[in-house]
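Peer 1: Pasting a structure here, questions to come.
Chains as they are written, first to last, in my numbering: chain L, 1 to 203; chain P, 1 to 600.
Structure representation (structure tokens):
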């Protein structure tokens with residue numbers, strides 16, 4: 001089993017913690033030693049959220065060393081650029097096409113960068129960049145909160161694990177009311193990402 | 001059972017399996033989840049106490065009464081509880097009592113950084129430190145045994161990356177079914193600390209530490225891992241994990257009993273390696289303990305004393321110390337790209353925004369640009385003393401309305417001191433309801449007695465919002481959600497002798513302004529309660545607002561409230577209907593009346 005380092009980043013309120021908890025549990029259920037830790041900042045909402053998830057034979061540090069992230073899973077576009085330097089050269093960047101403009105950019109002092117600029121920052125470290133149409137999938141499954149499920153689905157597209165390990169954890173975590181749309185979002189996330197991988201759209 | 005638990009959850013489960021019957025705490029990052037986890041288990045009395053001092057005093061009472069007790073708090077919480085902590089160290093206990101201090105290196109969510117390991121030594125209390133969740137779980141059983149065997153509280157010290165890190169825990173224990181019956185053992189010489197008895201207890205304390213010094217030598221969870229003998233790393237807590245990651249083949253001595261340390265074990269380890277270093281977060285605590293043994297040791301020369309460690313920092317330190325070669329790194333420079341920072345901010349519709357916007361208006365001369373250089377106040381400006389809570393975020397631009405914030409409850413004392421010192425400006429104190437209950441009320445009583453003419457603004461959002469919405473006496477809800485008697489803020493203030501009390505809605509900007517102006521003129525202490533529930537808790541939602549572009553003059557006054565729902569796109573101010581909760585604060589600050597309810 002290969003060690004896996006996943007850095008999940010986003011904005012408070014986007015469901016990063018639930019998703020990173022799930023990814024950690026899935027690693028454990030797949031037989032790995034696992035550690036995960038979150039940085040939340042001070043308020044419940046609006047600040048950057050960063051979750052380190054590590055799967056391995058034996059994991060010591062809960063924090064991933066800069067330059068050793070295998071999968072950067074970003075729930076928001078500019079957050080991907082903020083954490084790009086943590087990527088291992090040639091690592092995978094999975095980015096949701098979501099934009100949450102920070103207060104500092106609202107007055108326009110440092111404008112919010114466009115995707116091409118963000119992509120260029122990521123391209124500095126890797127050419128495996130996948131912009132996931134999370135907004136569209138959220139609409140399709142009629143659950144905009146399923147963003148985290150879409151991204152877990154996208155991540156699953158790169159992991160050599162039985163789908164059932166992922167689904168079992170989601171079923172346990174998500175309230176019944178949102179379960180169907182969550183599972184659908186997960187599957188769509190996987191499907192879209194697999195198709196991007198095959199087409200090689202990031203090149 | 002194998003499960004993924006955070007350090008906090010593991011400590012809680014460990015204590016549960018150790019047979020605690022009592023758990024108290026005051027919420028504070030990174031410690032809050034400990035009591036929350038216990039509250040979900042059966043058979044333990046749990047309470048959010050009014051503050052950490054009371055939490056420990058209540059916990060002491062329970063332990064005196066023969067019930068195993070867990071008391072948890074953040075590092076600065078132990079400052080508040082230091083008095084009973086030292087007292088408990090003196091009296092000792094009846095049943096086991098463990099005090100958890102969760103330190104916050106790097107101040108993720110704290111007003112200061114401090115290394116509470118010093119407090120164990122200062123209070124002469126044994127200290128245990130886990131380095132991951134499994135150890136946190138396993139260690140808790142030992143902690144209670146030590147407490148009872150040595151008649152002492154135990155300081156159980158964690159840090160953010162232990163408390164807030166999830167790792168795999170195999171919980172092998174089970175909760176005992178034959179818990180001791182509660183009962184107090186009368187002994188004035190043990191529990192009544194008049195000087196003559198306290199002097200006797202001092203002898204007991206020294207004798208206790210001497211016994212502990214011998215006892216920790218054989219403690220099974222201190223661990224020596226002998227690898228390459230060129231380098232020996234002594235470490236504890238999460239620092240150990242980083243060290244294992246970076247110094248792959250070195251020898252290690254992991255200590256979980258960090259006060260007292262097992263001196264002979266340390267000597268034995270040092271004798272087997274060529275060079276001894278200590279990797280630890282914050283102060284050179286272990287380093288100094290090791291040095292006191294006459295061992296040549298280094299640590300803080302290359303491991304920072306400030307902030308959290310991580311693998312890169314430890315690696316950079318190792319390079320600096322010449323332990324690792326200057327690495328041929330594959331790391332690349334970050335491309336030159338300006339990324340807008342994302343600071344924490346008050347929520348859309350947060351009830352704190354209105355009052356803070358008014359305080360900015362009344363207290364700050366709008367012609368003077370904010371600057372990092374200290375400056376004298378102009379005549380009409382006010383000193384705004386704030387406190388600990390979400391509202392402290394009002395210090396940041398664009399609101400930028402605060403002058404001081406020191407520690408829990410300090411706003412009121414600070415305001416009184418500034419007034420009595422005779423500064424020419426008016427002063428106000430701004431404090432949340434939970435912080436007021438924690439330690440604001442004592443300052444307010446002092447204000448009444450000292451015939452202050454100050455103004456205290458209590459932002460009453462009906463919860464302890466910053467830490468995730470815990471109840472307090474003003475909410476009337478217990479940690480388990482049970483409804484109880486409610487301490488009414490206005491009655492409490494009235495009871496201590498405040499006559500000038502005004503209550504205004506947090507969304508009524510004109511009302512807040514009028515109330516503050518009125519209180520500032522009063523020749524007596526005044527309280528203004530600005531009331532409006534936390535939007536995260538009450539799910540407040542009214543018709544979202546929108547901008548009428550025909551009326552908008554582009555003055556951007558609405559951006560000054562720092563609302564996450566308002567932004568400028570294509571040179572136009574826009575309100576995101578998905579984020580806006582319809583609080584109407586922006587509508588009230590718009591001079592053109594260009595912000596209106598959204599038409600469906």
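Each residue gets a CB set at the ideal place from its N, CA and C atoms; glycine is no exception.
If you follow the alpha helix (DSSP H) that residue 78(L) is part of, which residue opens it and which one closes it?
Peer 2: Looking at the DSSP string, the run of the alpha helix (DSSP H) that includes residue 78(L) is 77 to 82.
Peer 1: Flag this pair as yes or no: are the beta carbons of residue 478(P) and residue 469(P) separated by less than 8 Å?
Peer 2: No.
Peer 1: Is the beta carbon of residue 358(P) closer than 8 Å to that of residue 609(P)?
Peer 2: Nothing in the structure corresponds to residue 609(P), since chain P is present only between 1 and 600.
Peer 1: Compare the C-beta of residue 60(L) against all C-beta atoms of chain P and say whether one is closer than 8 Å.
Peer 2: For residue 60(L), the answer is yes, since a Cβ of chain P falls inside 8 Å of its Cβ.
Peer 1: So which residues of chain P does residue 112(L) contact, with C-beta pairs closer than 8 Å?
Peer 2: In chain order: 340.
Peer 1: Excluding the 5 residues flanking residue 131(L) on each side, which residues of the same chain have their C-beta closer than 6 Å to its C-beta?
Peer 2: Closer than 6 Å at Cβ, skipping near neighbours: 95, 97.
Peer 1: Are the Cβ atoms of residue 577(P) and residue 544(P) separated by less than 8 Å?
Peer 2: A contact, by the Cβ cut-off of 8 Å.
Peer 1: Could you tell me which residues DSSP pairs with residue 7(L) in its beta bridges?
Peer 2: According to DSSP, which records beta bridges pairwise, residue 7(L) is partnered with 52(L), 72(L).
Peer 1: In chain order, what residues of the same chain have a beta carbon less than 8 Å from the beta carbon of residue 191(P), not counting five sequence neighbours either side?
Peer 2: Correct list, in chain order: 64, 91.
Peer 1: From what residue to what residue does the alpha helix (DSSP H) around residue 224(P) run?
Peer 2: Where residue 224(P) is concerned, there is no enclosing alpha helix (DSSP H), although the beta strand (DSSP E) it sits in stretches over 223 to 225.
Peer 1: How big is the Cα-Cα spacing for residue 426(P) and residue 450(P)?
Peer 2: Cα to Cα, the separation comes out at about 16 Å.
Peer 1: At a CB-CB cut-off below 8 Å, which residues of chain P make contact with residue 37(L)?
Peer 2: Ordered by position in chain P, the residues that pass the 8 Å Cβ test against residue 37(L) are 161, 164, 165, 166.
Peer 1: From the beta carbon of residue 586(P), is the nearest beta carbon of chain L less than 8 Å away?
Peer 2: So no, residue 586(P) is outside the interface.
Peer 1: Mind checking residue 323(P): buried by the 16 CB within 10 Å criterion, or exposed?
Peer 2: By the 10 Å Cβ count, residue 323(P) comes out buried.
Peer 1: Report the CB separation of residue 159(P) from residue 102(P) in whole angstroms; it is logged as a contact under 8 Å.
Peer 2: Confirmed, Cβ separation roughly 7 Å.
Peer 1: For residue 470(P), write down the residues that DSSP places opposite it in a beta bridge.
Peer 2: For residue 470(P), which the question treats as bridged, DSSP gives the partners 464(P).
Peer 1: List the residues that DSSP assigns as beta-bridge partners of residue 354(P).
Peer 2: The partner list for residue 354(P) (beta bridge, DSSP) is empty, contrary to what the question assumes.
Peer 1: Helix, strand or coil, according to DSSP, for residue 198(L) in the structure here?
Peer 2: Residue 198(L): helix per DSSP, three-state reduction.
Peer 1: Should residue 27(L) go down as buried or exposed, given a rule of 16 or more other Cβ atoms within 10 Å for buried?
Peer 2: Residue 27(L) should be labelled buried.
Peer 1: Quick one: Cα of residue 13(P) to Cα of residue 141(P), how far?
Peer 2: The straight-line gap from Cα to Cα measures roughly 10 Å.
Peer 1: What residues from chain P crowd round residue 82(L), counting only those whose CB sits closer than 7 Å?
Peer 2: Within chain P, the residues near residue 82(L) are 339.
Peer 1: Can you give me the Cβ contacts of residue 601(P) inside the same chain, cut-off strictly under 6 Å, excluding the 5 residues immediately before and after it?
Peer 2: Lying before the first or after the last residue shown, residue 601(P) is absent from chain P, which here runs from 1 to 600.
Peer 1: Within the same chain, show all residues whose beta-carbon is closer than 7 Å to that of residue 503(P), passing over the 5 residues directly before and after it, in chain order.
Peer 2: Only 490, 529, 531 meet the Cβ criterion.
Peer 1: Can you tell me where the alpha helix (DSSP H) with residue 79(P) in it begins and where it stops?
Peer 2: Per DSSP, residue 79(P) belongs to the alpha helix (DSSP H) from 75 to 80.
Peer 1: Do you know whose CA, among 32(L), 6(L), 2(L), lies nearest residue 4(P)'s CA?
Peer 2: That would be 32(L), whose Cα lies nearest to the Cα of residue 4(P).
Peer 1: With 7 Å as the limit, tell me which residues of the stretch 48 to 77 of chain L have their beta carbon closer than that to any beta carbon of chain P; keep them in chain order.
Peer 2: The residues in question are 48, 60, 61, 62, 63, 65, 66, 67.
Peer 1: Taking residue 253(P) as part of the beta strand (DSSP E), name the residues at either end of that continuous run.
Peer 2: Residue 253(P) -> beta strand (DSSP E) spans 250 to 254.
Peer 1: Examine the Cβ distances between the stretch 54 to 61 of chain L and the stretch 111 to 131 of chain L and report whether three or more of them are shorter than 8 Å.
Peer 2: The stretch 54 to 61 of chain L, when compared against the stretch 111 to 131 of chain L, does not touch it at the 8 Å Cβ threshold.
Peer 1: Specify whether the stretch 273 to 282 of chain P and the stretch 228 to 242 of chain P touch according to this definition: at least 3 beta carbon pairs, one from each stretch, less than 8 Å apart.
Peer 2: Yes, the stretch 273 to 282 of chain P is in contact with the stretch 228 to 242 of chain P.
Peer 1: Starting from residue 600(P), follow the beta strand (DSSP E) in both directions and report where the run begins and ends.
Peer 2: Residue 600(P) -> no beta strand (DSSP E), and no H or E assigned at all.
Peer 1: On a CA-only basis, which of 175(L), 75(L), 146(L), 199(L) is nearest residue 187(L)? Give me that one, please.
Peer 2: Looking at the Cα atoms, 146(L) is the closest of the given residues.
Peer 1: Have a look at the DSSP bridge pairing and note the partners of residue 646(P).
Peer 2: Limits of chain P in this structure are 1 at one end and 600 at the other, which puts residue 646(P) out of reach.
Peer 1: Among the residues of its own chain, which have a CB less than 7 Å from the CB of residue 112(P), if the five just before and after it don't count?
Peer 2: If we look at residue 112(P) and ignore the five residues flanking it on each side, its Cβ neighbours are 76.
Peer 1: Based on DSSP bridge pairs, tell me the residues matched to residue 259(P).
Peer 2: For residue 259(P), which the question treats as bridged, DSSP gives the partners 127(P).
Peer 1: Please identify, using Cβ separations under 8 Å, the residues of the stretch 4 to 35 of chain L that lie next to chain P, in order along the chain.
Peer 2: Those residues of the stretch 4 to 35 of chain L that come within reach of chain P (Cβ to Cβ, closer than 8 Å) are 11, 12, 21, 24, 25, 28, 33, 34, 35.
Peer 1: Using a Cβ-Cβ distance cut-off of 8 Å, determine whether residue 583(P) contacts chain B.
Peer 2: The structure shown contains no chain B; its protein chains are L and P.
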